[in-house]
Structures are given as structure tokens and as C-alpha cells.
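In our numbering, the protein residues as written are 1027 to 1338.
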Amino acid sequence: MHRRKIQLIAGSTYSVSLPKRWVFSQKLEKGKEVLIDEQRDGSLRLFVGQEPQVTPEEITLDIETHRESIDQVLFAIYYVGIRTIHIKHRERIPAEIKQRIRETLRHMSGTEISYEDERSLTITSLLDLSKSDLPQVLFRISLVINLSFTALLEGTDLSEIKTNEREVDRLFHLAMKLISLALLEPSMLASSKIGRNHDAPSYVLIAKKLENVHDLIEDLAETRLPFQKAKKTVLFLQEEFRRTIKHLLRGLGPGFVKADQGLFGRQLVSLRKGKEHALAEGLEEVFNLLVDIQEEIVNLSFYRELREKGIV
């Protein structure tokens, strides 16, 4: 990052100097133009070349064209930051389509139907993305995962875990939106605390693996297996998820160590000796996803170290 003082020229023009190394790398010289683009959060983006495409503020969809894929189309629009979606049909919008739209909106944080009649409806996004924090979103997903682990141990009614599943889905789509917009609008890299473009793939994988973990928990809950017999193993997993995401939340400092696979393996052996093979296999799948997440945390920590050393 470069720091510059604002200069006042001839009493009316404010200017800042450009880093010499960047000017040379872009093959710029006196008289050449650069483009300055004001971002949604008030920051400025400086670039060379053609003016970038600007994400439109609104879009209109025809139900007849997107009838079969309306839910995925809505997610795609949500990810790229379009704030207003008009959905229209030459006839009355079928009730089942409206139901699918409402179900999709449950997973799209900060959106609501702001207008509706028989042939059209308007969806508006009210989310203030400048205040959204990706590590915090991932931390919230981990909290819900731990709540569901506790529900498994306590034999809570399955409806609680299904409610948690909807919350995880909502947070997952919010995470995808933040990552997508950070790649489209560089100012979002800082405000969402993603860091750099090369960090984005790791964050995508972490978010997806966390979602997969809760899917597995929901599947395990439906088996009605005796989770009390695996209490030690479940508590171990809870603590590892807590430790892993807290490291991300604290800024990815050095010294992160992955879970003890030997210790976990011995716990699985104990479960299998007790003939709890299905339970052991399910928890092993969860552990494998945990390790995948931890490997991405190690990658992010290393990228941060490289940045601090000025290598990348």
C-alpha cells in the first residue's frame, strides 16, 4: 500500500502523485490518461485502459424465459450486486413460481419483495455491503454448526437442525455475494476483509466446505444414531471448528496448527470397536471437511505472510 499527501495546485486543483514503479509497469508517460472510478463505499479505483463495465442497478426478467431456473437466476443476480429485480409475465404469475421466488429470497440476506401484483413483482436489496465482513459471516456459520452439534448430542427435535440448515444456506449465499462483488469491485476486498484477489478461492472453498459440513450434520441427525456414544468425538470436532474460524477472525496470524489426525483416528477406532460403524463413518466425513478448511486457513495465513514481506 502506498501513502501520499494531497497537493493543492494553483489554489483550485487537488492532486496526488502516482507510484513510480506502477507508472513504469503500466508504460505510462506524460499526457497519457488514467481512469478514476468512484466506488459504492466512497473509495476511488484507478486503472488504465478502457472504462470497465458497470453493474446495472436494476434488471427485468421475463418469467417465460426463466421459468425453470428462476431460483438460480436470482442467486446469480444477487451475487453480482444488482439492487432491484423486476419480474414480469404477460399473464398471471403462477402461484408455484411465486412460491419458489419467496423460498429463494429466504436465502438472500437483505432482500424483500417491495411491489407485487398478479403479473409482476419487484425485489429490492437493502443490504449495506460496505459494512459486511466475510470472516464474521464465516464465523456465524461456524456458530450455527456448533449449535447443531449440540442438538445432535442432546437428541433435540430434528426441526431445530433443519432451521439451522436454512440459516447456514442464507449465510453461505451472503458469503458468495461478498466474494463475487470483491472480485468485481476492488474496494470491496478491503471492506469485506478478504484481502487480495488470490485469497478469494480459499474463501470460496471454506464457505462451501462449511455448508457441506452442516449438510452432513443434517443427514446424520436423520439417521437417529446414538450420538451420545460419540460425545467425546463430537466435542473434539466442535472445539476444532471453533478454534479454526477464530483464527480467521483474529486476522490469520502465524502458528496455526491443523487438527490432530492421530487423536481423531483413535477415537474412530474406539467407535468401531463398539460396533458404531455408521456413526464413525459419518463423523469421519465431517472431520475430512474440517481438515480441508484448515488447509485453506494455512494457505491464507501464508499469503498474508508473503504480503507482509512484500513478496506479493
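Glycine included, every Cβ here is placed at the ideal spot set by N, Cα and C.
Item, Value
"Taking C-beta to C-beta, are residue 1111 and residue 1148 nearer than 8 Å?", "yes"
"Less than 8 Å separating the beta-carbons of residue 1135 and residue 1240?", "no"
"Counting Cβ pairs, one atom from each stretch, are 3 or more of them under 8 Å apart for the segment 1114-1132 and the segment 1146-1162?", "yes"
"Just curious, the alpha helix (DSSP H) that residue 1156 is in, first and last residue?", "Here residue 1156 belongs to no alpha helix (DSSP H), and DSSP marks it neither H nor E."
"Under 8 Å, with one C-beta from each stretch per pair, do the segment 1305-1312 and the segment 1275-1289 reach the 3-pair mark?", "no"
"Short of 7 Å in beta carbon distance, which residues of its chain neighbour residue 1228, apart from the five on each side in sequence? Order them along the chain.", "1322, 1325, 1326"
"Count the CB pairs spanning the segment 1174-1192 and the segment 1216-1236 that are closer than 8 Å, and state whether there are at least three.", "no"
"Using three-state DSSP, classify residue 1035 as helix, strand or coil.", "strand"
"List in chain order: all unbroken alpha helix (DSSP H) runs of 4+ residues lying wholly within the segment 1197-1281.", "1213-1217, 1226-1249, 1257-1275"
"Here's a check: name, in chain order, each residue in its chain whose Cβ is nearer than 8 Å to the Cβ of residue 1263, leaving out the five neighbours to either side.", "1175, 1309, 1312, 1313, 1316"
"Measure the CB-CB distance between residue 1202 and residue 1105 and report whether it falls below 8 Å.", "yes"
"Hey, how far is the Cα of residue 1268 from the Cα of residue 1039?", "52 Å"
"Which two residues bound the contiguous alpha helix (DSSP H) that contains residue 1092?", "1089-1092"
"Taking the beta carbon of residue 1137 as the centre, do at least 16 other beta carbons fall within 10 Å, making it buried, or is it exposed?", "buried"
"Pick from 1165, 1128, 1046: whose alpha carbon is nearest that of residue 1266?", "1165"
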